[in-house]
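> Quick note on the numbering used here: the first sequence kicks off at 24 and runs consecutively.
Encoded as structure tokens, here's the structure I'll be asking about.
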Amino acid sequence: MRADGPRVSDEFARAVLDVVRVIPPGRVMSYGDVAAVLGSRAARAVGSVMAWYGGEVSWWRVVRADGRPAQGHESEALRRLGAEGTPLTAAGDRVAMRSARWRP
DNA sequence: AAGTTGACTTTCG
DNA sequence: TCGAAAGCCAACT
């Protein structure tokens, strides 16, 4: 059970959520992309933020670099992505990053 | 202060 | 195209 506190500072978390909120529907960003906007490479820390605070934003718009949705939330994410018209691969199991990737 | 962990990324074979 | 291994950053113990 994860009863312990968040693995990121409130400041870092707020910055990450700020970026995620700006991603338009039908587009996505990789964890690394979000980190890069913050001037960092802490992709995993971004993942931690989503784990604890993701519920406050459209977390399904943040995917891994290869287009696969968040580990452990793939079916839920794919469902929402599809509903938004996000371009998916032929297999339909990951996002077509080439066209769906969004950069601020 | 050193070791562990994680909704990750990149490189190699 | 796929899986394993190393790399990186921030936070916790």
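Backbone N, C-alpha and C define an ideal beta-carbon position, used for all residues, glycine too.
Being a predicted model, the structure only gives us computed values, none of them experimental.
1) Can you tell me where the alpha helix (DSSP H) holding Gly55 begins and where it ends?
2) I need the straight-line Cα distance from Asp33 to Leu40, nearest angstrom please.
3) How big is the Cα-Cα spacing for Tyr54 and Arg87?
4) Work out the CA separation of Ala66 and Met52 for me, nearest whole Å.
5) Along the chain, where does the alpha helix (DSSP H) containing Val72 start, and where does it finish?
6) Excluding five sequence neighbours on each side, which residues of the same chain lie with their C-beta closer than 8 Å to the C-beta of Pro47?
7) Could you name the residues of the same chain whose beta carbon sits closer than 7 Å to that of Arg25, not counting the 5 residues immediately before and after it, in chain order?
This is what the structure holds:
1) For the purposes of this step, residue 55 is taken as residue 32 along the first sequence, with counting starting at 1. Per DSSP, Gly55 belongs to the alpha helix (DSSP H) from Tyr54 to Val60.
2) Taking the first sequence and counting its residues from 1, the one referred to as residue 33 is at position 10. Taking the first sequence and counting its residues from 1, the one referred to as residue 40 is at position 17. Taking the straight line joining both Cα atoms gives about 10 Å.
3) Here residue 54 is taken as the residue at index 31 of the first sequence, counted from 1. Here residue 87 is taken as the residue at index 64 of the first sequence, counted from 1. Cα-Cα distance, rounded: 6 Å.
4) Taking the first sequence and counting its residues from 1, the one referred to as residue 52 is at position 29. Taking the first sequence and counting its residues from 1, the one referred to as residue 66 is at position 43. Approximately 11 Å between the Cα atoms of the pair.
5) On the first sequence, position 49 is the one that residue 72 refers to. From DSSP, the alpha helix (DSSP H) with Val72 extends over Ala66 to Tyr76.
6) Working through the first sequence from its first residue, we reach residue 47 at position 24. If we look at Pro47 and ignore the five residues flanking it on each side, its Cβ neighbours are Trp125.
7) On the first sequence, position 2 is the one that residue 25 refers to. Its pLDDT being 46, under 50, Arg25 is placed unreliably in this model, and the value from its coordinates should be taken loosely. Taken in chain order, the list of residues that qualify is empty.
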